[in-house]
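For the protein sequence lines, the chains are A and B, in the order given.
Going letter by letter, the first sequence gives residues 1 to 368 in the numbering used here.
Going letter by letter, the second sequence gives residues 1 to 282 in the numbering used here.
One structure below.
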Amino acid sequence: MAEEKAKGPQAADMPDWSAYRGVMIVVEQRAGVAKNVSWQLLGEGRKLADKLDTDLIALVLGHDIYGLAEEAVYYGADRVYYCDAPELQDYRTRPYSRVCLQTIEDVKPEIVLFGATATGRDLAGAIATHLPTGLTADCTILDVEPHPSRLLLASRPAFSEKMLATILCKQYRPQMATARSGVFEALPRDTARQGKIIAVPNQMSEDEIAAQVLNFIEATETLNLEEAEIIVAGGRGLGGPEPFKLLQELADALGGVVGASRAAVDAGWIGHEHQVGQTGYTVRPKLYFAVGISGAVQHLVGMQNSDVIVAINRDANAPIFKVANYGIAGDLFQIIPAITEAVRQKRVQGSAAAVEPVVAVEAVEGRK
Amino acid sequence: MLHIVVCVKQVPDSREIRIDPKTNTLIRQGVPAIANFYDMHGLEEALRIKEQYGARITVVCMGPPPAEKSLKQCISLGADEAVLVTDRGFAGADTLATSYVLGLTIAKVAAEIGPVDIVFCGKQTLDGDTGQVGPGIACRLDLEQLTYVYKVEGIDLETRRITVHRLLEDGVEVVQTSMPVLITALKEMNKVRRAPMPGMLRAATYKPIIWTTADFPGLERAKIGLKGSPTIVSKTWVPEQKQVNTEMLPNESATGAATALLEKLWQTELPQRFGWTAQEEA
Chain A
1 MAEEKAKGPQ
11 AADMPDWSAY
21 RGVMIVVEQR
31 AGVAKNVSWQ
41 LLGEGRKLAD
51 KLDTDLIALV
61 LGHDIYGLAE
71 EAVYYGADRV
81 YYCDAPELQD
91 YRTRPYSRVC
101 LQTIEDVKPE
111 IVLFGATATG
121 RDLAGAIATH
131 LPTGLTADCT
141 ILDVEPHPSR
151 LLLASRPAFS
161 EKMLATILCK
171 QYRPQMATAR
181 SGVFEALPRD
191 TARQGKIIAV
201 PNQMSEDEIA
211 AQVLNFIEAT
221 ETLNLEEAEI
231 IVAGGRGLGG
241 PEPFKLLQEL
251 ADALGGVVGA
261 SRAAVDAGWI
271 GHEHQVGQTG
281 YTVRPKLYFA
291 VGISGAVQHL
301 VGMQNSDVIV
311 AINRDANAPI
321 FKVANYGIAG
331 DLFQIIPAIT
341 EAVRQKRVQG
351 SAAAVEPVVA
361 VEAVEGRK
Chain B
1 MLHIVVCVKQ
11 VPDSREIRID
21 PKTNTLIRQG
31 VPAIANFYDM
41 HGLEEALRIK
51 EQYGARITVV
61 CMGPPPAEKS
71 LKQCISLGAD
81 EAVLVTDRGF
91 AGADTLATSY
101 VLGLTIAKVA
111 AEIGPVDIVF
121 CGKQTLDGDT
131 GQVGPGIACR
141 LDLEQLTYVY
151 KVEGIDLETR
161 RITVHRLLED
171 GVEVVQTSMP
181 VLITALKEMN
191 KVRRAPMPGM
201 LRAATYKPII
211 WTTADFPGLE
221 RAKIGLKGSP
231 TIVSKTWVPE
241 QKQVNTEMLP
251 NESATGAATA
261 LLEKLWQTEL
271 PQRFGWTAQE
281 EA
């Protein structure tokens, strides 16, 4: 069916795709600090570019971000285009999308990838419509067909994570996708890596831009569930807001963050920014503690891809134990403090020779 | 008076969709069709703006005829008018083709009912889950674009500026821009009201305005439906359920259980990865 379309009447209007080469990653940053997902996408983009025997390209936008252009090379880019302008200090859809559109038009990459963050989705949605081209959201698997088709195989969860779907964009270039944070691996930072760094012009002056960012209130605890590698999550079994302190202590001891099930969030025990699952965040940390969480499907779809899952629940038959690597059936109010204590001791012991981790433990305790 | 358009999609409640374990296909039977709940938070915010500043609310929906149900629900909640854009030609649309049709629809609403100041969309739909249609519409209509909004702080009717709070991964951004604007709503934005009795009565007899392809003289056929959709689904599959051999740890005492757990965790790569301990040899 798709081939039929390609031969259809509009095929004649299609641009010559041989002009479109290269895999472009749009790097997201705030105040000169790149989001992890950007380096992760450069890592994945490197594989795609190698398979297509083409360049990996980064596009960096912001103010005072030349350093990030260099970083992009260290993380795998062959070429980096950067636009450095005071108008790009804060992300705003119009000035950012105008620079991206101009660069995409000039550079003609065959693939453009963004992090599936609020900013990445905001920007990619505007650009794809403008070009126009196809855009696949929230990919978790990326691959390419080799030359000559050079198709991006963009796969993403569908139907509330119950299925995966592979999406193609055969008739338009570039092929665009946003991809989730924490799924792909960044390359090790290598300062010996060489690449070209090319400045591109800003497109809009301040008086042409309607949007003004008045304030940015950084999340009080720098909670980023989607990027967290260790999550200690609590549910209905906690019975109230107070026990989340026990979870926070364990999270601090491990160097992780606190998550929650929908039940706990709906009960008002903890903020929605902590919510894991269907209507909250989908996470895949290295270690996930499910404490007092029974394991409704809506929660499971959001965390079952964690590397190691530990479940602690009073009810030994709770469904959460089915997805857990380790389970403890019992009273969380006894068990969690015991684990926290054991972790602290183990960390002090294990690092008796090394000073730094001990300092880290003290710092954790000092915060309380 | 402000004119607010709210985009609503009727979707299968994907939370209710199950996979047939034998055939690995979706069981769609008996899955209820609901108004995408993010969109309803957009409608609720529109209603609150109406109460505070005065506004006229038009709801638009692209979908098959049964989607009338969701539009009636919007009327019962307090929307003034509802438009259903329905045509076989629209079927199979991806986000690009959808934003094209909704863009035309809103332009027609503006021409026939009055200029539009604010367009609300949900953050994303339950079935598509992309969040791309909102920005697509903003682009097509050249509107200012404010995504992931969880609070409308205020509207200055004199300067026609609107201030909102956007919820991002790393914090909250307070941003102000000019109307006309497109806003995508988060569920944290508000609590959706229950329909009042007069609204329910009005909805019972209300007939939404129906537009088909014939109602859009300038419509380009190549841009709608399957034909106008650059993305195609090449395959779907059910990911293999991770086979987990759960190891239940004895819990005779809390300390015992904790020690047992740590022994297990310390056999994984985790301690080394996170620098919980100095390396054995070090």
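Yeah, the Cβ is synthetic: ideal placement off N, Cα and C, and Gly gets one too.
Starting from residue i and walking both ways along the beta strand (DSSP E), at which residues does that stretch end?
i: V85 of chain B; result: 81-85
i: N251 of chain B; result: From DSSP, N251 of chain B is part of no beta strand (DSSP E); its letter is neither H nor E.
i: N415 of chain A; result: There is no way to answer for residue 415 of chain A, as the model of chain A reaches only from 1 to 368.
i: K151 of chain B; result: 144-156
i: L113 of chain A; result: 111-115
i: H130 of chain A; result: Here H130 of chain A belongs to no beta strand (DSSP E); instead the alpha helix (DSSP H) covers 118-130.
i: I162 of chain B; result: 161-168
i: G171 of chain B; result: 171-178
i: F120 of chain B; result: 118-122
i: T136 of chain A; result: 135-139
i: S76 of chain B; result: No beta strand (DSSP E) contains S76 of chain B, which is instead part of the alpha helix (DSSP H) from 68-77.
i: R56 of chain B; result: 55-62
i: K108 of chain A; result: Where K108 of chain A is concerned, there is no enclosing beta strand (DSSP E), given that its DSSP letter is neither H nor E.
i: I217 of chain A; result: 212-218
i: M24 of chain A; result: 23-27
So is residue i buried or exposed if we call it buried at 16+ other beta carbons inside 10 Å?
i: A6 of chain A; result: Caution applies to A6 of chain A, whose pLDDT of 43 falls short of 50 and renders its modelled position unreliable; the model cannot decide the point.
i: P21 of chain B; result: exposed
i: Y20 of chain A; result: buried
i: Q279 of chain B; result: For Q279 of chain B, the predicted structure reports a pLDDT of 43, less than 50, and the residue's modelled location is therefore unreliable. The matter cannot be settled from this model.
i: N317 of chain A; result: exposed
i: L131 of chain A; result: buried
i: K108 of chain B; result: buried
i: V233 of chain B; result: exposed
i: W276 of chain B; result: buried
i: K9 of chain B; result: buried
i: E242 of chain A; result: exposed
i: Q278 of chain A; result: buried
i: H147 of chain A; result: exposed
i: Q124 of chain B; result: buried
i: L2 of chain B; result: buried
i: P369 of chain A; result: Nothing about residue 369 of chain A can be reported from this structure: the residues present for chain A run from 1 to 368 only.
i: V6 of chain B; result: buried
i: R367 of chain A; result: Confidence at R367 of chain A is low in this model, with a pLDDT of 40, below 50, so its placement is unreliable and the value that follows should be read with caution. With fewer than 16 other Cβ atoms within 10 Å, it is exposed.
i: S181 of chain A; result: buried
Report the option in the options whose CA atom is closest to the CA atom of residue i.
i: L260 of chain A; options: A:I25, A:E273, A:A253; result: At residue 260 of chain A the sequence reads Ala, which differs from the Leu that was named. Selected option, being the one with the closest Cα: A:E273.
i: L201 of chain B; options: B:V11, B:C74, B:P250; result: B:C74
i: V83 of chain B; options: B:G63, B:A91, B:V244, B:K187; result: B:G63
i: I19 of chain B; options: A:G67, A:L164, A:A72; result: A:L164
i: W237 of chain B; options: B:V5, B:P12, B:T23; result: B:T23
i: D156 of chain B; options: B:G78, B:M179, B:Y148; result: B:M179
i: E218 of chain A; options: B:V172, B:N36, B:E269; result: B:V172
i: G134 of chain B; options: B:E112, B:L265, B:I106, B:E247; result: B:I106
i: I224 of chain B; options: B:F120, B:A185, B:G30, B:V101; result: B:V101
i: V265 of chain A; options: A:R236, A:G255, A:V257; result: A:R236
i: A126 of chain A; options: A:E145, A:S149, A:V99, A:Q29; result: A:V99
i: T246 of chain B; options: A:G115, A:N325, A:R193; result: A:N325
Which first and last residues belong to the alpha helix (DSSP H) in which residue i is found?
i: I312 of chain A; result: Looking at the DSSP string, I312 of chain A is not in any alpha helix (DSSP H); the run it does join, the beta strand (DSSP E), is 308-313.
i: L59 of chain A; result: Segment 56-62 is the beta strand (DSSP E) holding L59 of chain A; no alpha helix (DSSP H) there.
i: P12 of chain B; result: Per DSSP, P12 of chain B belongs to no alpha helix (DSSP H); it is in the beta strand (DSSP E), 10-12.
i: K227 of chain B; result: Looking at the DSSP string, K227 of chain B is not in any alpha helix (DSSP H), and its letter there is neither H nor E.
i: K108 of chain B; result: 95-112
i: R202 of chain B; result: 197-205
Please name the residue or residues paired with residue i in a DSSP beta bridge.
i: E87 of chain A; result: Paired residues: none, contrary to the question.
i: G234 of chain A; result: A:A260, A:V291
i: Y172 of chain A; result: Y172 of chain A is not bridged to any residue.
i: Y82 of chain A; result: A:V60, A:A199
i: Y326 of chain A; result: A:V310, B:E247
i: A158 of chain A; result: A:M163
i: R347 of chain A; result: DSSP, once it has assigned bridges, lists no residue as partnering R347 of chain A.
i: Y281 of chain A; result: A:V276
i: I4 of chain B; result: B:I57, B:I118
Taking 8 Å as the threshold, find out whether the region 55-68 of chain B comes into contact with the region 143-156 of chain B through three or more Cβ pairs.
no
The region 171-181 of chain A contacting the region 103-114 of chain A, beta-carbon criterion three pairs below 8 Å:
yes
Should the region 226-238 of chain A be called in touch with the region 279-297 of chain A, which here means at least 3 C-beta pairs below 8 Å?
yes
Under 8 Å: do the region 238-253 of chain A and the region 196-212 of chain B share three or more Cβ pairs, one atom per stretch?
no
Does the region 117-130 of chain A come into contact with the region 151-158 of chain A, if we say contact requires no fewer than three beta-carbon pairs (one atom in each stretch) closer than 8 Å?
no
Examine the Cβ distances between the region 23-43 of chain B and the region 86-98 of chain B and report whether three or more of them are shorter than 8 Å.
no
Taking 8 Å as the threshold, find out whether the region 249-257 of chain B comes into contact with the region 334-345 of chain A through three or more Cβ pairs.
yes
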